[in-house]
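Numbers 163 to 641, taken from our numbering, label the letters of the sequence shown in order.
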Amino acid sequence: MALMRRTLTHELRALLADRIVWIAAVAVILLTGYAVHVGARAAESHRAQVTTALEEEAERYIVLRSAMEEVRSGNSSVSPFQDPTRPYVAGRGRGQRYAVLPPSSFQASAVGQSDLIPPVVAVILDGADPRSAREEIENPVHLLSGPLDLAFLVTFLLPLLALALSFDLLSREREQGTLALLLSQPISARRLTMVKLLARWGLLVFLAVGAAALSFLFVGGGVALDRFLLWSGVVALYLGFWVALAAVVNVTGRDSARNAVALAFLWLVFVILIPSGVQLTAGILHPVPSRAELVALEREEVRQVQEQASAVLAQYYDDHPELLPEGSVDEVDFQTRAFAVNEEVRARLAPVRARYRVALEGQRDWIQTFRWLSPTILTYEALVDLAGTGDGRMERFESEVEAFHAQWVAHFEPLIYGNQRLAPEDLDGLPRWEFPEEGGSEVRAAVFPGMLGLLLFAGVVLGIALRLLKNGGDRRWMP
């Protein structure tokens, strides 16, 4: 044990004496700071959008209540299309609610899906679709490549650093002629390999976690301790896999140049080829309908339903005679007809939108099933889940928006068809948006399977390396 401690100390000193290690450390610190800055800026933009929307909604409702008071008292004469006491007007622009996705406490660690799904969705009678609520046009190259956030740095760049420090784990000693001297000491090949692995793994974890902690404190505005500890565990397991993979290549007895080529190829397979293949096959097997096709179909349905507006409205009153106002259907105002048209269009487009959702769910399920092929996929999924920007939280937000829109329509539907008017006190009874935030146990439940998969990957690869060292396998290192 004392010899192993001395060997470990010597290995750490040798690593720290290498100028390349210090250059790599500075690069990691700078890149980590920049990556956290990118994530923090995205999180701050997210928070600003939510705050602005809620403040605008509160101010608008104050003005709306005042306008309704003036209309009721007869002090104001407004157009029917601006009359706040009409349910159709109140349920659209003047009284719309915002469905907002609050930023998570660890969102600076990964942008994830937050640049695709806007955090603020206007819920009106006409609809509420998070995926079509974004008004600005994103750079398609930016969307394709993604930002250089901390999740990207961990999954793509840290493995390269791990391999750069470990590709000559044993081959360098062999080429310098010192490996035979080391093995002449009372230390086995397995223990020597484990000591070298532990030194590099510990240095990498310390560097990655330390740089991230400093970046969160000085750039990211703080850190959520519970999520940061889980994040550190994911990073440690991921780095453990890559260091163990370097050990497998080293124990085969090849020279350093061949080790570097082999590890570069394995990085390409696990980080690029397998994730790209899983994503590509998901898109082929579960194609998402074109949004342009959906928009064109929606316009055509609106045109057809508008031509049949009277028939649509008459059919509704046949089904709900208790809501029929006094007079004939032809005397019902334009806003009631418009609402009936919108509801009919939504009903006709429901199967198309359902196919869109089913395709997205199919892609997610496919990726979840085959994420076990690559530790990179497992790591990225765990990191975005910890950040609150993963598919799970975004999918729950979309489901909550859809449910809230259905509640919003159900509240106004009888008022519109009954040709009723709203009073200022009715504003207090309008549906309010609440997003059920995930708790710590839910976050852990989402992350632990990925961590278990990473532990399995690292354990299996390390076991292969130790197995190759069994029964005199170290003889292949001798000159």
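Glycine included, every Cβ here is placed at the ideal spot set by N, Cα and C.
Asked                                                                                                                                                                : Found
Helix, strand or coil for Val283? Go by DSSP, reduced to three states.                                                                                               : strand
According to DSSP, simplified to helix, strand and coil, what is Gly289?                                                                                             : strand
Are the Cβ atoms of Ser350 and Val405 separated by less than 7 Å?                                                                                                    : no
Would you check if there are 3 or more beta carbon pairs closer than 8 Å linking the segment 613-622 to the segment 393-413?                                         : yes
Run through DSSP, which three-state label would Asp261 get?                                                                                                          : Reading off the sequence shown, one finds Ala at residue 261, where the question assumed Asp. Looking at Ala261 - three-state DSSP - the assignment turns out to be strand.
Along the alpha helix (DSSP H) that carries Asn421, what are the first and last residues, could you check?                                                           : Ser418 to Trp429
Ignore the nearest five residues each way along the sequence and tell me which others in Asp245's own chain have a CB closer than 7 Å to its CB.                     : Val233 and Val251
Which term fits Asp590, buried or exposed, when burial requires 16 or more other beta carbons within 10 angstroms of its beta carbon?                                : exposed
In the DSSP assignment, the alpha helix (DSSP H) including Ser603 goes from what residue to what residue?                                                            : Gly602 to Leu630
Let me make sure I understand the geometry here. Which of Leu310, Ile286 and Ile182 has the alpha-carbon closest to that of Val200?                                  : Leu310
Spatial neighbours of Val381 within its chain, please: CB distance less than 7 Å, with the 5 preceding and 5 following residues excluded, ordered by chain position. : Gly195, Val198, His199 and Ala202
Could you give the first and the last residue of the continuous alpha helix (DSSP H) run that contains Ile224?                                                       : Arg181 to Ser235
Out of Ala458, Thr551 and Arg519, point me to the one whose CA is closest to Glu564's CA.                                                                            : Arg519
Note down the Cα distance separating Leu540 from Thr531, rounded to an integer number of angstroms.                                                                  : 11 Å
Report all residues from its chain with a CB closer than 7 Å to the CB of Gly489; omit the five preceding and five following residues, and keep chain order.         : Low confidence applies to Gly489: its pLDDT is 48, below 50, so where it sits in the model is not reliable, and the reading given next is rough at best. Around Gly489: no qualifying Cβ.
Take Ala373 as the anchor and find which of Leu178, Leu193 and Trp429 has the nearest alpha-carbon.                                                                  : Leu193
Could you check if Leu391 is buried or exposed, using at least 16 other CB atoms within 10 Å of its CB as the buried criterion?                                      : exposed
Is Phe243 helix, strand or coil by DSSP?                                                                                                                             : coil
To the nearest angstrom, report how far apart Pro537 and His567 are at their CA atoms.                                                                               : 39 Å
Under the rule that 16 or more other beta-carbon atoms within 10 Å means buried, what is Asp417, buried or exposed?                                                  : exposed
By DSSP, does Asn301 sit in helix, in strand, or in coil?                                                                                                            : Here the model assigns Asn301 a pLDDT of 42, short of 50, so the residue's position is not dependable, and the following value carries that caveat. Coil.
Using three-state DSSP, classify Leu376 as helix, strand or coil.                                                                                                    : helix
Considering only residues of the same chain and omitting the five flanking positions on each side of Ala608, which have a CB-CB separation below 7 Å?                : Asp547 and Gly554
Spatial neighbours of Val357 within its chain, please: C-beta separation below 7 Å, excluding the five flanking residues on both sides.                              : Met166, Thr169, Leu170 and Glu173
Taking the alpha carbon of Glu562 as the reference point, which residue from Val188, Leu263, Arg256 and Glu206 has its own alpha carbon closest?                     : Leu263
What separation, rounded to the nearest whole angstrom, lies between the Cα atoms of Ile182 and Ala326?                                                              : 10 Å
Using only the alpha-carbon positions, how far apart do Ala620 and Val367 sit?                                                                                       : 15 Å
Rounding to the nearest angstrom, what Cα-Cα distance links Arg594 and Leu407 in this structure?                                                                     : 53 Å
Which residue's Cα is closest to the Cα of Leu631: Leu332, Glu506 and Leu447?                                                                                        : Leu332
I need the DSSP call for Asp553, collapsed to helix, strand or coil.                                                                                                 : helix
For the candidate residues Tyr542, Phe501, His448 and Arg420, whose alpha-carbon lies nearest to that of Ile434?                                                     : Tyr542
Which of the three DSSP states is assigned to Glu173 in this structure?                                                                                              : helix
For Val440, which of Arg353, Glu219, Arg583 and Arg533 has the nearest alpha-carbon?                                                                                 : Arg533
With a 10 Å radius around its C-beta and 16 neighbouring C-beta atoms as the bar for buried, classify Leu624 as buried or exposed.                                   : buried
Report yes if the CB atom of Val410 is closer than 7 Å to the CB atom of Ala424, and no otherwise.                                                                   : no
List the endpoints of the continuous alpha helix (DSSP H) containing Thr443.                                                                                         : Ile436 to Leu447
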